[in-house]
Structure formats: C-alpha cells, structure tokens
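Engineer: Just passing along the structure, written as structure tokens.
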Amino acid sequence: MSIIIATPWMLLRNYVGMVYSTFQRSTSAWYNGKHHNCCCWWLLGASCVLLLMAALRAQARAVPSVACGINMEFSARDEIKSLASLALPILFSNLAMFGMSMTILMVAGHLGPTQLTAVSYAQMIFDITIVVFVSGFIVGQATLSAQAFGAKNLVLVGRYCQMNCLCVTIACIPIGMLWWFCGDILHLAGISPETVSYAQQYAHWSMPWLLPRLIYQVLMVYFKSMQNVMPAAVFAVTFAVLNVGVCLALVNGIPSIGFEGYGLIGCPISMVIMHYTRTITFILYMFWYRKMHASSWKWEWTFVNFKVYLAPMLKVGGPMVIGELVENLQLQAMSIFAAMTSEVALGAHNSMFQLILFLSSPIFGMMDGGLARMGMYLGAGNAAAAKATSRLILYMIAGLTFFIVVVWFCARSSVGRLFSNDEEVVKTITSISTLAAAGYIILAFFYHSMAALEAMSRTVPIMSAFFVGAWVVGVPLAYVLCFPADMGLFGIWVGMSVGYIVTTMMGEYFYCRSDWDEEARKAVERSKARPELMELEILSSDSSHDVNLEKLEEAYRHLGPTQLTAVAYSQMIFDITILIFASGFIVGQATLSSQAYGAKNLVLVGRYCQMNCLCVALACIPIGVLWYFCGDILQAVGISPETVAYAKQYSHWSMPWLLP
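Reading the sequence shown from the start, the letters are residues 0 to 659 in numbering that gives the first Met the number 0.
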C-alpha cells in the first residue's frame, strides 16, 4: 500500500488508540460465533424502536406553522394521491438507474471475483467524481426548480435546467480525465495488477456514456419539478430491461449466431448503447413530439447569466456537495478497509451496498416526490401544507421500509448468489445481511429529514450531519472494529450503522428546529420574478407579444426571434444526426488510437484515421439527407410555417460544410 493511502490510517490509529483498550473489553464478549446473530438482531431492533420514538416525538415538538402568502388548500387524502403519482414513477426511475449498475456488477461477478473487484473499484471512482463535480448542480436545480414552479415562474424552471445542462457538460471534462487515469490511481493505491488491468479497461470503455447519463438526469429533474415524471420512468425502466439482454449478449456472446462476446468490456459497451439511445429518444419524445417544454423553455442563450441562475444553485447545492463528498469518502474508506481485509470482502461489501441502494429506490422515490411537493408549497408561501406533507412522507417511508425489510429477511440467504457463484463471496454477503438491514432502516429515517431540509434549501445542516456521523463516529469506529478488534467486514458494517444512527439523530434534530414560516418567506422571495428576470423574459418572448422589434435587435444584435428559433431547431437536428451517425466513430478512433500509440504501433494509428475518414465521409450521406429534409421534419411536428422556411434555408445552405 502506498504512503498516500497508508498515512490516513496511521492518523486514525493514533486517534482511536486512547479508547481502544476499554472498547476491546466491552466488545470481546459480543463478537464470537455464538453471539453474532444476537448482536445483529439487537442493533436492528434497538435502532427501529429508538428511531420511531424519536421521529414521533419530533412531530409532536415541531414548531407550529401558519400558511403565509398564497392560500393553497391542503387535503391529506389529495396529497397522498399527489405524492403517490409522483413517487411511484420516480421509484421505477430509481430502480432502473440502480438496476443498471447492479446488472453490471452481477454480470461482472459471474465472470469471476477479480472482475467483480475491478468493477467495484472503478465504480468507487465513478461515484466520487460524479459527487464532487455534478451532485451540487443537481441538488440545487431540484430544490430551486420546485420552488420556482410553486411560485408559477416557469421560465425560471427552464433557465435552471439550461444552465445545468451547460454545467454538467463542462464537468464531463475533469470527470472524464479522472476516469481515464482510473487504472493509474488504483495502481498507486497498491491494487493487484490483474485487478488494475480489468478496472482500466472498464473505465476507459465507460467514458462515452458519462455525458448522456448526466444530461438525462438533468432533464429528469427539470420535468420532475413541474410534476411530470411518468415519461422519464417509462424510458428508464424500458432501457434498464433492455440493458440486461444487451449486456449479457455482449459479455457472454450469442453462440447460435457464432458471436463469442467481448468479455468484461461488453458491460460498458452495453451502457454506452443504452444511455445514448435513452437520452436521444427521451429528448425527441418530450421536446419534439409532446412539446412538454413549451411553457418553460426558450431556445436562446440568455440563460448564460451566472449571477442570476448559477449562483443560487451553487448556494443551495454547494453544502450538499461537501456533505455528499464527506459521505462518499466515508464509503470509499469503508471499501478500502474491506479491501485491506481481502478482495472477497471488498466484492461482498460493494455488492451489499449496491443492493441497499437498489432497495432504497422506493425511499428515494418518496423523497424526491416529497421534495418536489414541499418545495412547491414553500415557493407558493404555504408553510402549513409543506409541513403536513413532510409528516405524510415520514409515515409512508416508515411503511415502505417495514415492507422491504420483511421481504429482505425472507430472502437474505439467497442474496449473495445474485452477485457471484463463488461460495466464499456468497457466505460473506450472507454474514452481513441482517446488519445491513439495520443500516437500511436507519438511513430511511434520515432520508425523511434530508428531503424536508433540502426542500427548505437548508443544506448546511445536512452537510454537518454527514460529517459528524461519517468521520467523527463511523470511520474511526469501523477501523477499530475491523482491525484492532479483528472483527473484519462485520466490524466495518457495525461502525457504519452506528455512524448512521448519529447522522439520523442530527438530521431529525435540525428538522425539528426548522421554522417553516420563515423558510416559506425565503422561498417566495427567492422565486419571485425579479426585475432582471422580467427583462429577460420580455426579451425572449415571441413576436406575438407587444415588444418592439428594434429593442430586440438592439439587445440581441441578430435578426429576430423567428430566425433564432429556426436556427435552434436546425442545430438540434444537426447535433442529433451527427451524434447518431458519426460520434461512435470519433470515440472509437480516439480510444483505439491512444491504445495503439501506447503500444508504439504508429502504423495502426494511421490506419484508424484513414478508416475513420472513409466512415465519416459515408456517414455524410444519411446525415445530408436528413438535413435536406429538415424543414419537412419540423413541419411534421407542428412548427410554424415561417420558422420552418428559415430552418429549411439554413439547413440546405449548411450541408456543404458537413464533410470538412
């Protein structure tokens, strides 16, 4: 293990050395084969009882709230229906998202324990880079868009989405660089060469699906904030199911047609195909066919106003980035502890955590739906309705958690075989199953307080709870139990569970101390149409509005909104056709040429370039045909004749520059 990895563990050893001798005596009686399950069940039962009592007391002690501003009538029955109509599709979207990751882990695990470990390491790096560079934008967009929707400021919802699309696109650059050097990072950490080789292959072939995956997530948040979640759920589930068959075929082959498969790299290839196809078809359906963006989306560049649109998202999402980074670093520390125990323990640890994420999908669905509803009420100034919604979410999360845990217990002995055929991996997963269920219950209650605090834009308390539970309690305790107490992977999960108890208690405390009326007032102020937003909205409106065209030309220095719309529609078609017919060749050339250059095979680099010149030249034929009929395509989807005429002119005269 390199000194970079070893130094933190030396500091941890000094940090916990003072209390270890006392703790060892208190835990030695618990940890043996006879009392193993007893400890699990005790922790599970105690956490359930204590957290239920704390949650009920929290509701009783919560600060009374009176609605302010807009008087929105609240009905518990109607709210449950609204929550269910939001949460159920979001549930399936989350199931599909985690299901795709679980599919990759399962397929890799059945190739062998080394492949499972490699994918686990790579996904560790994937998760932490996405958290650092993207999660803050997503959280900020979700919270502020829900409040803007409640304030009836639909243009602001669209602006947040457009700004976020730009931000995540830029974020792909540093994320992609870190993914490219995934193998080097693992090599520095002292991982075995065989595992590093597989992880490097997996990471390199995964890079192309990063952008479509993030864009799809941003668009999901955009439509979710406007209470439109069903189409995203249908697309997510459809492509998650397709991914199972495509992944198995690309990895294991199809003997009946003589296709032998690609092995491990078939997993990321499948993800590339699914993510691009899903995102492109979703955009076409929502923006062109159904036009569900029409009331909130303006095809122009006025969203590039960092003070108005980016700064509020960073203010809300920034603390969440730190909080989620702290939490994610804790998970990575736990994974490193597991890896220091054995590679089998690492595979079992990451597989169990993926299962928890998958089973948390219903909770995430309820959390996301509740966040949208509470944010809407707060943006409308109705604090009482937002608070009542938070109580409903608590009860519904408790019911969902009970049902899921019962099913989990009934099938806990068979869980391991979902991820591997290796008996040692299966046995290790089974040994931590009950304890993992306890952690799942604890986290479920924290998600309730987290949803309410996010809806209020109070993300600093969430960050504080993550930090204290993870690094003051969870990581040091897990280290003590795993190594000095010699409890191995089981000790890691005990430490995690105790840390989650502390995090949950802090989250519920901050939730109880919240002033709903004050937060509603802040949300109304934040989401109202400010003068600069009103000016932008006027400047971006259609010619049917009573706006002076000379003012538009002076402000934008271009021909007019009709021409702008025509060019925007044309460029949408340009981008999609190039993406479908040419981007695969470019990505393939870049990856393979880099590998050939690394192997000192310069002739092969030239061959790839020559072949790609031929391929893109041939691709110009179908692309050019679609560009030629650009006007007909837009007319078919109901675009105005004047816009179609300009778009047709623009696309016809653009065809000659495609090939160069």
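Idealized CB from N, CA, C, for every residue including glycine.
Keep in mind that this is a model prediction, so the values were computed, not measured.
Residues in its own chain within less than 8 Å of ARG411 by CB, not counting five upstream and five downstream?
Structural biologist: If you number the sequence shown from 1, residue 411 lands on position 412. Taken in chain order, the residues that qualify are THR429, SER432, THR433 and ALA436.
Engineer: Taking VAL245 as the reference, which of LEU263, ALA232, PRO230 and GLY135 has the closest Cα?
Structural biologist: Here residue 245 is taken as the residue at index 246 of the sequence shown, counted from 1. Answer by Cα proximity: LEU263.
Engineer: Distance check for ARG158 and TYR308, CA to CA, integer angstroms please.
Structural biologist: Counted from its first residue, the sequence shown places residue 308 at position 309. Counted from its first residue, the sequence shown places residue 158 at position 159. Cα to Cα, the separation comes out at about 7 Å.
Engineer: Excluding the 5 residues flanking LEU452 on each side, which residues of the same chain have their C-beta closer than 8 Å to its C-beta?
Structural biologist: Locating residue 452 in the sequence shown gives position 453, where the first residue counts as 1. Once the five neighbours on either side are set aside, the close Cβ partners of LEU452 are THR458, PRO460, ILE461, GLY506, PHE509, TYR510 and SER513.
Engineer: Going by CA-CA distance only, name the one from TYR197, ALA170 and LEU358 that's closest to CYS181.
Structural biologist: On the sequence shown, residue 181 is found 182 positions in, with the first residue counted as 1. The shortest C-alpha separation from CYS181 is found at TYR197.
Engineer: Give, in chain order, every unbroken run of the alpha helix (DSSP H) that is at least 4 residues long and sits entirely within the segment 238 to 282.
Structural biologist: Taking only runs of at least 4 residues, the alpha helix (DSSP H) segments lying wholly in the segment 238 to 282 are 265 to 282.
Engineer: Could you give the DSSP three-state label for ASP126: helix, strand or coil?
Structural biologist: Numbered from 1 along the sequence shown, position 127 holds the residue referred to as residue 126. ASP126 falls in the helix class under three-state DSSP.
Engineer: In angstroms, rounded to a whole number, what distance separates the CA positions of MET661 and PHE148?
Structural biologist: Since the first residue shown for the chain is 0 and the last is 659, residue 661 is missing from the structure and cannot be characterised.
Engineer: Compare the Cα-Cα distances from ASN93 to each of LEU358, ALA188, GLN161 and ILE124 and report the closest residue.
Structural biologist: Numbered from its first residue, the sequence shown carries residue 93 at position 94. Of the candidates LEU358, ALA188, GLN161 and ILE124, the one whose C-alpha sits nearest the C-alpha of ASN93 is LEU358.
Engineer: In whole angstroms, what separates the C-alpha of SER542 from that of ALA293?
Structural biologist: The count along the sequence shown starts at 1 and reaches residue 542 at position 543. The count along the sequence shown starts at 1 and reaches residue 293 at position 294. For SER542, the pLDDT reaches just 35, beneath the cut-off of 50, and the residue's location in the model is therefore unreliable, although a value from the coordinates is still provided. If I take the Cα positions, the gap works out to 15 Å.
Engineer: Quick one, which of ILE362, LEU356, CYS409 and GLY252 has its alpha-carbon nearest PRO88's?
Structural biologist: Position 89 of the sequence shown, counting from 1, holds the residue named residue 88. When only C-alpha atoms are compared, the closest one is ILE362.
Engineer: For GLY368, I'd like the list of residues in its chain whose CB is within less than 6 Å of its CB, leaving aside the five on either flank, ordered along the chain.
Structural biologist: By one-based count along the sequence shown, residue 368 stands at place 369. Taken in chain order, the residues that qualify are LEU82, LEU85, ALA86 and ILE89.
Engineer: Three-state secondary structure (DSSP) at PRO659?
Structural biologist: For this step, residue 659 is matched to residue 660 along the sequence shown. Coil at PRO659, not helix or strand.
Engineer: For GLN226, report the span of its alpha helix (DSSP H) as first-last.
Structural biologist: Position 227 of the sequence shown, counted from the start, is the residue given in the question as residue 226. Segment: none, GLN226 is in no alpha helix (DSSP H) and carries neither H nor E.
Engineer: Mark GLU326 as exposed unless 16 or more other C-beta atoms lie within 10 angstroms of its C-beta, in which case mark it buried.
Structural biologist: Here residue 326 is taken as the residue at index 327 of the sequence shown, counted from 1. By the neighbour-count rule (16 or more Cβ atoms within 10 Å), GLU326 is buried.
Engineer: Relative to the C-alpha of LEU313, which candidate in SER269, LEU391 and LEU143 has its C-alpha closest?
Structural biologist: The residue labelled residue 313 in the question sits at position 314 within the sequence shown. Minimum Cα distance to LEU313 is reached at LEU143.
Engineer: Can you find the residues in the same chain that come closer than 8 Å, C-beta to C-beta, to GLU259, ignoring five residues on each side of it along the sequence?
Structural biologist: The count along the sequence shown starts at 1 and reaches residue 259 at position 260. Cβ neighbours of GLU259 beyond the five flanking positions: GLY252.
Engineer: Who are the near neighbours of ARG212 in its chain, counting only those whose CB is closer than 7 Å to its CB and skipping five residues on each side?
Structural biologist: Counting from one through the sequence shown, the residue named residue 212 turns up at place 213. Cβ neighbours of ARG212 beyond the five flanking positions: HIS274.
Engineer: Suppose the cutoff is 6 Å on Cβ atoms and the five residues either side in sequence are ignored; what does the same chain contact list for ALA644 look like?
Structural biologist: Position 645 of the sequence shown, counted from the start, is the residue given in the question as residue 644. Closer than 6 Å at Cβ, skipping near neighbours: no residue.
Engineer: Which of the three DSSP states, helix, strand or coil, is assigned to LEU506?
Structural biologist: In the sequence shown, the residue the question calls residue 506 occupies position 507. Reading off the sequence shown, one finds Gly at residue 506, where the question assumed Leu. Of the three classes helix, strand and coil, the one that applies to GLY506 here is helix, per DSSP.
Engineer: What are the boundary residues of the alpha helix (DSSP H) that includes ARG158?
Structural biologist: Along the sequence shown, read from residue 1 onward, the residue named residue 158 stands at position 159. From DSSP, the alpha helix (DSSP H) with ARG158 extends over 153 to 179.
Engineer: On a Cα-Cα basis, can you pick out the residue from VAL106, SER205 and LEU153 that is closest to MET176?
Structural biologist: Here residue 176 is taken as the residue at index 177 of the sequence shown, counted from 1. The option with the nearest alpha carbon to MET176 is SER205.
Engineer: According to DSSP, is VAL404 part of a helix, a strand, or is it coil?
Structural biologist: Counted from its first residue, the sequence shown places residue 404 at position 405. In the structure shown, VAL404 sits in a helix (DSSP, three-state: H, G or I).
Engineer: Please report how far the alpha carbon of ARG277 lies from the alpha carbon of ASP485, in whole angstroms.
Structural biologist: For the purposes of this step, residue 277 is taken as the residue at position 278 of the sequence shown. For the purposes of this step, residue 485 is taken as the residue at position 486 of the sequence shown. Computed Cα separation, rounded: 47 Å.
Engineer: Check the C-beta distance from GLN331 over to SER100 and give it rounded, since I have them as a contact under 8 Å.
Structural biologist: As a working note, residue 331 is residue 332 in the sequence shown. As a working note, residue 100 is residue 101 in the sequence shown. About 16 Å separates the two Cβ atoms, so there is no contact after all.
Engineer: Is it buried or exposed, ASP421, if we count other Cβ atoms within 10 angstroms and call 16 or more buried?
Structural biologist: Along the sequence shown, read from residue 1 onward, the residue named residue 421 stands at position 422. Buried.
Engineer: Let me make sure I understand the geometry here. Which of GLY135, THR102, ALA107 and LEU417 has the alpha-carbon closest to that of VAL661?
Structural biologist: No answer is possible for residue 661: the residues shown for the chain start at 0 and end at 659.
Engineer: Output the boundary residues of the alpha helix (DSSP H) element that contains THR429.
Structural biologist: Residue numbering aside, residue 429 sits at position 430 when the sequence shown is read from its first letter. From DSSP, the alpha helix (DSSP H) with THR429 extends over 422 to 430.
Engineer: Ignore the nearest five residues each way along the sequence and tell me which others in GLU342's own chain have a CB closer than 6 Å to its CB.
Structural biologist: Start at 1 with the first residue of the sequence shown, and residue 342 comes out as number 343. Once the five neighbours on either side are set aside, the close Cβ partners of GLU342 are THR116.
Engineer: Could you tell me the distance, in whole angstroms, from the CA atom of PRO267 to the CA atom of LEU209?
Structural biologist: Here residue 267 is taken as the residue at index 268 of the sequence shown, counted from 1. Here residue 209 is taken as the residue at index 210 of the sequence shown, counted from 1. Each residue's alpha carbon lies about 11 Å from the other.
Engineer: Whose C-beta lies closer than 7 Å to the C-beta of VAL425 among residues of the same chain, with five residues either side of it excluded?
Structural biologist: Counted from its first residue, the sequence shown places residue 425 at position 426. Closer than 7 Å at Cβ, skipping near neighbours: GLY415, ARG416 and SER419.
Engineer: Leaving out the 5 sequence neighbours to the left and right, which residues in its chain are closer than 7 Å to LEU345 when beta-carbon positions are compared?
Structural biologist: Position 346 of the sequence shown, counted from the start, is the residue given in the question as residue 345. Taken in chain order, the residues that qualify are THR116, SER119, SER334, ALA337 and ALA338.
Engineer: Report the option in ALA450, LEU249 and GLY623 whose CA atom is closest to the CA atom of THR503.
Structural biologist: Within the sequence shown, the letter at position 504 stands for residue 503. Out of ALA450, LEU249 and GLY623, ALA450 has the C-alpha closest to the C-alpha of THR503.
Engineer: Determine the contact status of GLY468 and LEU480, defining contact as a CB-CB distance below 9 Å.
Structural biologist: For the purposes of this step, residue 468 is taken as residue 469 along the sequence shown, with counting starting at 1. For the purposes of this step, residue 480 is taken as residue 481 along the sequence shown, with counting starting at 1. Contact flag unset, no.
Engineer: Could you spell out where the alpha helix (DSSP H) holding SER350 opens and where it closes?
Structural biologist: To locate residue 350, count along the sequence shown from 1; it is residue 351. Start and end: 342 to 358.
Engineer: DSSP on PHE418, reduced to helix/strand/coil?
Structural biologist: Numbered from 1 along the sequence shown, position 419 holds the residue referred to as residue 418. It is coil, neither helix nor strand.
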